[in-house]
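Reading through the structure tokens given below for one structure.
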Amino acid sequence: MNHRELQRQLDRISASRLSKLNEGIPLHVALGQRHSITLRNKFARMGLKGDHVQACLKMVDEIGMQKVLENQPLSSRFATIPHSKPKPNVWNPKE
Amino acid sequence: MKNMFPPSITNLLLKEGQRWEVNGKFRTALGTGIIPIVASARGGKTALAYAMIDYVIKYTNRPIILDSFPQRVIDEGIPEHWKGRVSNQSFNEISKIDEPAVWLLDDSATHFNSRSAMTSTNQTLAKSAGVLSHFGGGMTVLFTTQSMSGIDLSLLRYATISPIIRWVDEDLILHERKEWKGEIEYAQYQLKKVCKDERYRDYFWSSKDKCLVKSHYPVFLQKEKDPIKADLLSRPMRYHTVEEKEILLGIVKPPRKRTAKRKKVVQNES
Chain A
80 MNHRELQRQL
90 DRISASRLSK
100 LNEGIPLHVA
110 LGQRHSITLR
120 NKFARMGLKG
130 DHVQACLKMV
140 DEIGMQKVLE
150 NQPLSSRFAT
160 IPHSKPKPNV
170 WNPKE
Chain B
8 MKNMFPPSIT
18 NLLLKEGQRW
28 EVNGKFRTAL
38 GTGIIPIVAS
48 ARGGKTALAY
58 AMIDYVIKYT
68 NRPIILDSFP
78 QRVIDEGIPE
88 HWKGRVSNQS
98 FNEISKIDEP
108 AVWLLDDSAT
118 HFNSRSAMTS
128 TNQTLAKSAG
138 VLSHFGGGMT
148 VLFTTQSMSG
158 IDLSLLRYAT
168 ISPIIRWVDE
178 DLILHERKEW
188 KGEIEYAQYQ
198 LKKVCKDERY
208 RDYFWSSKDK
218 CLVKSHYPVF
228 LQKEKDPIKA
238 DLLSRPMRYH
248 TVEEKEILLG
258 IVKPPRKRTA
268 KRKKVVQNES
């Protein structure tokens, strides 16, 4: 099985699993660390809301994600960067 | 439009030495090789092969040979501008052709599959694959098939090939040759991105050029124009006689040529 074939098979498995979890779980749960969840609970209990709270959560989420990605190969880390979808290569004759 | 097909296909469709322009640069056509078209039933294999033949008729002076086509299709089915350029000889007669012909072997699965590897036609095809460039000054073979796993491997080993992949039923991909399975799956993935038709007939995948190509459905195949002619060309094998169909499928053996028996020479020793 070549790399591309294996990758597609893994993608299919992931997609089928995600579909069973109401189209996936939140990013901070999937890729973050447990502190993201604890902090959300704490803020909710204290009734804190607002931009500064969101900024704090974002920072904790990002630190958690980076920790997860730290041990991943460069290709996996690169794949997480937002990028535009490549256009299909369609033969376009110019005559 | 001379560039309607991508370079690797045009390279085989034009006559050897003919020149055409690709992105501002001129190329010289090889004019000999094999173009396998893979798709499931009703996936547009034959329609695409006809579009290629139409291209050959328009831009070259190469003769077209429709292998084992029923005479009725040649007489009543082909469009007017094809007349005089098209004949229906058997591939076994390749040695008699001394022109750079383009052959269409439609639904190769019945004639040239690996189960009939040792039949005379299949042996001819396998042996001729290596010398297609010699015969008639360079010949091109277009063949349509529903699966590469049914095709005798020799055909794909000795000549320049430019495979075309269209819609293949996902349950059939499981049984493809391992060398082609990945490519066929990848083609389906690419076709799915752009096609609006349920059987992906609006584009095809050129494996050698690694690109999708917009399909041009020939006008003469449109059922609205002439449903009888369209059907004659769309499923030519339907118009064989029952006996011919039985021979094609191997149910009945073709009649053997009668050979004159040698008479024993009685020598009078006395």
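These protein sequence lines are chains A and B, in that order.
Using the working numbering, the first residue of the first sequence is number 80, and each one after it goes up by one.
Using the working numbering, the first residue of the second sequence is number 8, and each one after it goes up by one.
Built from N, CA and C at the ideal position, the CB exists for glycine as well.
Just so you know, these numbers come straight off a predicted model, no measurement behind them.
Query, Result
"Please name the residues in the segment 189 to 217 of chain B whose beta-carbon is closer than 8 angstroms to at least one beta-carbon of chain A, in chain order.", "G189, E192, Y193, Y196, Q197, K200, V201, Y210, S213, D216 and K217"
"Can you list the residues of chain B that V169 of chain A reaches, using a CB-CB cut of under 8 angstroms?", "V201, Y210, C218, L219, V220 and K221"
"Smallest Cα separation from R3 of chain B: which of B:A36, B:S156 and B:D74?", "Limits of chain B in this structure are 8 at one end and 277 at the other, which puts residue 3 of chain B out of reach."
"DSSP state of T147 of chain B, grouped into three classes?", "strand"
"Taking W174 of chain B as the reference, which of B:K200, B:Y193, B:H141 and B:R208 has the closest Cα?", "B:R208"
"Given K221 of chain B, which residues of its chain have a CB within under 8 angstroms of its CB, disregarding the five upstream and five downstream residues?", "D209 and Y210"
"Is I171 of chain B near S213 of chain B, with beta carbons less than 7 angstroms apart?", "yes"
"Suppose the cutoff is 6 angstroms on Cβ atoms and the five residues either side in sequence are ignored; what does the same chain contact list for A116 of chain B look like?", "Note that A116 of chain B scores a pLDDT of 43, beneath 50, so its modelled location is shaky; the value from the coordinates is reported in the next line. Once the five neighbours on either side are set aside, the close Cβ partners of A116 of chain B are T152, Q153 and G157."
"Does the Cβ of P167 of chain A have 16 or more other Cβ atoms within 10 Å, making it buried, or fewer, making it exposed?", "exposed"
"Can you pull the DSSP bridge partners for Y210 of chain B?", "B:K221"
"Residues in its own chain within less than 7 angstroms of S140 of chain B by CB, not counting five upstream and five downstream?", "T39"
"Measuring CB to CB, does S241 of chain B end up less than 7 angstroms from L19 of chain B?", "no"
"By the criterion of Cβ-Cβ separation under 9 angstroms, what are the contact partners of E102 of chain A in chain B?", "The contacting residues do not exist; E102 of chain A stays about 20 angstroms from chain B at best."
"For T35 of chain B, which of helix, strand or coil comes out of DSSP?", "strand"
"Quick check: is the beta carbon of T167 of chain B nearer than 7 angstroms to any beta carbon in chain A?", "no"
"Is it a yes or a no for the segment 70 to 89 of chain B touching the segment 188 to 196 of chain B, going by three-plus beta-carbon pairs under 8 angstroms?", "no"
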